[in-house]
Amino acid sequence: MASSKVLMVAEKPSIALSIASALSRGQMSTRKGSTDVHEFDGMFRGFHAHFKVTSVIGHVFSVDFPVTYQDWKVTDPLDLFYAPIIKAESNPKAHICRHLNQEARGCGHLVLWLDCDREGENICFEVIECTGFHTRDASRRVYRARFSSVIGKDLMKAMDNLVEPNRDEALAVDARQEIDLKVGVAFTRFQTTYFQGKYGNLDSRVISYPRTESTAYPSSFDFRGTLALLANNPAWANDVQGLLNNGFHKPQSGTDAGDHPPITPMLSATEDRLGKDAWRLYQYVCQHFMGTVSPDCKYVRTNVKFSIGGEFFHCTGQHVTVEGFTSVMPWLAVKEKNLPRFIKGEKIEASKVELYEGSTAPPDYLTESELISLMEKNGIGTDASIPVHINNICERNYVQVQAGRKLVPTSLGITLIRGYQCIDPDLCLPDIRSFIEQQIALVAKGQMDHIHVVLHVLQQFKQKYAYFVKQVENMDALFEAQFSPLADSGRALSKCGKCLRYMKYISMQPSRLYCGTCEEVYYLPQNGTIKLYKELSCPLDNFELLLCSMPGPEGKSFPLCPYCYNSPPFEGVDTLFGAAKTGSTGKLGKGAGMPCFLCPHPTCRHSLISQGVCACPECSGTLVLDPVSAPKWRLDCNMCNCLVFLPQGAHRISTTEERCPDCDSKLLEVDFNKKTTPLEDGATLYVGCIICDELLHSLVEMKHGKSFSRRTSSRGRGRGTGRGRGRGSGKRIDPKMSFRDF
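Under the working numbering, the sequence shown has 550 at position 562, and the numbering climbs by one with no breaks.
If you want it as C-alpha cells, here you go:
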C-alpha cells in the first residue's frame, strides 16, 4: 500500500547515511543509485512503514536564460532585465531528478532533511517538484525535519517534531537567484563586450573559496561525549583529561547560521593515519574544539604613566595568571611583557633617550575571513551566497588570492571600481547589496510578495544600467590609461579572410584574434596552444586555418577557421553533431563555436566529412583523425575524451573516400614503416576498417572509452606496394558504430 512507504531526502549522501543509521539503529540495507539509497522498516507516525533514505547533492536546479537570449550578438543586455528564465538541472550527468522521481513511486510520504537555512528550504521545493509530491493529492503528505546536528538524539527529536516546509524562505532564494542572474549577466555582458573588444591585456582566471559556519553549539550538543573521543589521543590526552576531571565550560556565545553546528572532531585519529596535511587540519579542529570548552584566559595588565621634561609618556605590561584556552590554542596566547614594580610619585633616572622617525602605513589587504566578516556586518549575503560573491570577484579577475588568503585587487578590479565611482557610486557601495538582502529577507518572512520584490529591484537596476551605458565613456578613459589597445597588443599570426591583412593573436585570456583593419575580434578555444596550420585557408571564407593543441599528453589537436568558429555558417550544427551550446556566459573565455571537426562542408579536406572515421562508442560524437598526431597516430572524439590509438610508427595514416560495407565507417589508408610492418612480404600500404578488419582492429588501442565491437572478418593483405582490403563476412550493422545517415 502506498501510504506504508516513506521517502526521506537529505542534502548530501553523508547526511542521508547518518539519518538512516540513526533511525534504523544500524539495521538497514544499502543499494546504489545516482546517490545511495538506504532501506529499513520501522514506525512512522503510529503505523508500520518501509523507509527509503537518499539524498541530492546540493541544488537540483539552477536558473538560466532560454537559448534565444544566450547569443551575445543578438540580445541587448537591457532586454535581460525582463527576459524569462528557466530552471535546468545543475548537474545533468548525475540524473538526480530522475533518481528522485523513481524512488518516489509508490511512496505516500516525503520527509525532507535539507539544511535548515533558506537555501535548504529552496532545495526542499526542488525535491518536491522532482518527486511529484507537489500535486494536490491528499494521500501523499510532505513533511520537513528541522535539525542542527546529525547526533542520533537530535535526529530522533526532529523525526518526532516534523513540520511543513517554508515556501516563503524558498521564494526568497528564487528572488535572489533571478536578481543576481539578470543584473549580473546584463552588466557582465556589456562590460566584457565593450572593454575586451578594445583592450588586449584584460584577462580572466578561475580560483578553492571558503564558507561561513555556525559558531554556536545546539543546546543538545554532547560536549562530554566529544571530549571522551579525544581522551586516549596522545597528542592532547592530558589536556582532555583535565577538562573531564575539572569540568569543562559550555560556550555561552556565538552565531547560529541555522544549517550546521560548528565543526567538531568526530573520531580520534593520528598523523600516521591521516598524513601530514590532513593531520594539520584535524589538529586545528581538535584544538579549536578543546579551546571552546576550556576556561577563560586571565591576565593582569599594568599601565604606567610618567613625564620627562614636561612631555607625558606611558607603557603597558601584561602578566598571564591563568592560561585557560590558550594552553591548547597557543596561537592566541597573550604575549607577556613584564615591567618593574613602580610606586606612585616615584622619581627615576632616565638612562637613555632616543627619537625615532617613522610614518604610518596603509592597512593590509583584507583576508577572505575578514571580507566575510565585513559582508555579514553590512548585511550582504547569507552563509550560502557570501562564498558565491567572493568566488565571482575571483573568477572575473577583480581580485587574486595571494599568500595568507589575502584578496589583492587587480588592475582590472581597481579600474572598474574607480569607473563605477565616477559614474554611479551606488554600484560599488555595500548599501546597494544590503538593500537587496533586506528586500529578500522580507520575502523570507512572508511580508512581501517575491514577484513584487524582484520587479522592484530589477526596475531600479535597469535604470542604473541604462545610465551606466550612457556614461561608460567616463570609465573608458580610465581603461585607456591603464590597459593597452588591441591594436598595440599581441603578435601577427594569420590573415583575415576579408581584408587579407594579418590579424594579431592575443594570448592573454580570453585568447583571441584582432583584425586592426576590419576592427573585428575573433575568440578562440581557451587553454590551448594556437598556431598557424600550414598556411591553409577555409574554402568558405578564405580565413587562414589555425591549429589548436590542448595541453597534456592526451590533449586533442584540431584545426579551426577563426570566422567559422565565431559565426558557424551552417544552421543546426549543434543539433546535428551535439555541439555544446553557449551558456549564459557566452563565447567569451570559453569558445563555443564550430571547429573543423564539426564542419559538414562536403569538399573541405579538414571537415568532419573528410576526417571523420566512425561514431564514438562513448557518446553521440564522432571519432576524427588527429591531423598532427604523427608518429603516435590517433582518433579523437569531437565531443568527449575518448581516444583511439592507431598503429604506431606508421609513416602516414589518412582517410579515404571509401566506406566499410558492413559498418559504414570510413576506410583508413596506412603506410607502415618498412622495418616494423605487420604485412606479409614486407608490404607497407594497407587499406581497411578499424572496426571490421582483423589486422587493423588488432593494432587499435582504446584509451578512454569502451571497446569496439568487431565483426567476424576476413583478413586483408598488403602485397608489395599494393593495397589490401578488409572485408567483413556478415551484414549486421551496429547502430552505435554506424556513420550512416550522417
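Every residue gets a Cβ at the ideal spot worked out from N, C-alpha and C, and that includes glycine. Computed from a prediction, not measured in an experiment: that's the story for all the values here.
Just how far apart, CA to CA, sit residue 667 and residue 634? Cα to Cα, residue 667 sits roughly 16 Å from residue 634.
Any idea which residues DSSP pairs residue 97 with across the strands? Bridge partners of residue 97 according to DSSP: -6 and 129.
Take residue 511 as the anchor and find which of 521, 556 and 488 has the nearest alpha-carbon. For residue 511, the nearest C-alpha among the options comes from 556.
What did DSSP end up calling residue 440 once you bin it into helix, strand or coil? Shown here, residue 440 sits in a helix according to DSSP, grouped into three states.
How far does the beta strand (DSSP E) with residue 311 in it reach, from first residue to last? Boundaries for residue 311: no beta strand (DSSP E) harbours it, and the DSSP string shows neither H nor E there.
From 411, 94, 365 and 554, residue whose alpha carbon lies closest to that of residue 38: By alpha-carbon distance to residue 38, the top candidate from 411, 94, 365 and 554 is 94.
Does DSSP put residue 24 in a helix, a strand or coil? In this structure, residue 24 counts as coil in the three-state DSSP scheme.
When you compare the CB positions of residue 501 and residue 519, do they come within less than 8 Å of one another, or not? No, the Cβ-Cβ distance between residue 501 and residue 519 is not below 8 Å.
C-alpha distance - residue 386 paired with residue 399, whole-angstrom precision: Between residue 386 and residue 399, the C-alpha separation is close to 8 Å.
For the beta strand (DSSP E) that residue 375 lies in, which residues bound it at each end? Where residue 375 is concerned, there is no enclosing beta strand (DSSP E), although the alpha helix (DSSP H) it sits in stretches over 374 to 383.
Take every Cβ of the segment 283 to 293, pair it with every Cβ of the segment 313 to 323, and state whether three or more of those distances are shorter than 8 Å. In short, these stretches touch, since the Cβ pair count reaches three.
8 Å Cβ cutoff met for residue 538 and residue 554: For the 8 Å CB-CB criterion, residue 538 and residue 554 do not form a contact.
Taking just the CA atoms, how far does residue 161 sit from residue 48? So the two alpha carbons sit approximately 14 Å from each other.
Go through its chain and collect everything with a Cβ distance to residue 3's Cβ below 8 Å, but skip five positions before and after it. The residues are 43, 101 and 138.
Decide if the segment 251 to 259 is in contact with the segment 269 to 279; the criterion is three or more beta carbon pairs, one per stretch, under 8 Å apart. Remark: three or more beta-carbon pairs, one from each stretch, lie closer than 8 Å, so the segment 251 to 259 and the segment 269 to 279 are flagged as touching.
Only counting runs of 3 or more residues, tell me where the beta strand (DSSP E) segments fall wholly within the segment 474 to 520, in order along the chain. Counting only runs of 3 or more, we get 479 to 483, 490 to 494, 500 to 503 and 508 to 511.
Give the DSSP-derived three-state secondary structure of residue 610 in the structure shown. DSSP places residue 610 in the strand class (E or B) of the three-state scheme.
Measuring CA to CA, which of 78, 548 and 463 is closest to residue 581? Measuring from the Cα of residue 581, the nearest candidate turns out to be 548.
Strand pairing of residue 31, partner residues [DSSP]: Residue 31 pairs with 36.
Helix, strand or coil: how does DSSP classify residue 544 here? Under the three-state reduction of DSSP, residue 544 is assigned to coil, being neither helix nor strand.
Provide the residue(s) that pair with residue 187 in DSSP beta bridges, ordered along the chain. 473.
Where do the N-terminal and C-terminal ends of the alpha helix (DSSP H) with residue 273 fall, by residue? 264 to 280 is the extent of the alpha helix (DSSP H) around residue 273.
Entirely enclosed beta strand (DSSP E) segments - the segment 398 to 440, minimum 3 residues: Taken in chain order, the complete beta strand (DSSP E) segments of 3 or more residues contained in the segment 398 to 440 number zero; there are none.
Between the CA atoms of residue 454 and residue 418 - distance to the nearest angstrom: In a straight line, the C-alpha of residue 418 is about 21 Å away from that of residue 454.
Look at the alpha carbon of residue 357 and the alpha carbon of residue 598, and state the distance between them as a whole number of angstroms. The alpha-carbon atoms of residue 357 and residue 598 are separated by roughly 56 Å.
Name the DSSP beta bridge partners of residue 654, please? In DSSP, residue 654 forms a bridge with 647.
Can you give the beta carbon distance from residue 174 to residue 69, rounded, assuming they're within the 8 Å contact cut? Sure, about 6 Å apart at Cβ, within 8 Å.
If we ignore side chains and look at the alpha-carbon of each, how far apart do residue 596 and residue 584 end up? Spanning the two alpha carbons is a distance of roughly 7 Å.
Quick one, which of 165, -6 and 147 has its alpha-carbon nearest residue 127's? That would be -6, whose Cα lies nearest to the Cα of residue 127.
Could you tell me whether the Cβ atoms of residue 45 and residue 7 are closer together than 8 Å? No Cβ-Cβ contact shorter than 8 Å links residue 45 with residue 7.
I need the straight-line Cα distance from residue 703 to residue 654, nearest angstrom please. Note on residue 703: pLDDT 39, under 50, position unreliable in the model; the coordinate value appears next. Residue 703 and residue 654: Cα-Cα distance of roughly 17 Å.
How big is the Cα-Cα spacing for residue 179 and residue 449? Distance between the alpha carbons of residue 179 and residue 449: 15 Å.
Hey, how far is the Cα of residue 627 from the Cα of residue 188? Approximately 30 Å, taken between the alpha carbons.
Buried or exposed for residue 674, going by 16 or more other Cβ atoms inside 10 Å? Counting C-beta atoms within 10 angstroms of its own C-beta, residue 674 has 16 or more neighbours from the protein chains shown and is therefore classed as buried.
Could you name the residues of the same chain whose beta carbon sits closer than 8 Å to that of residue 429, not counting the 5 residues immediately before and after it, in chain order? Once the five neighbours on either side are set aside, the close Cβ partners of residue 429 are 160.
How should residue 331 be labelled, buried or exposed, when 16 other C-beta atoms within 10 angstroms of its C-beta is the threshold for buried? Its Cβ having fewer than 16 others within 10 Å, residue 331 is exposed.
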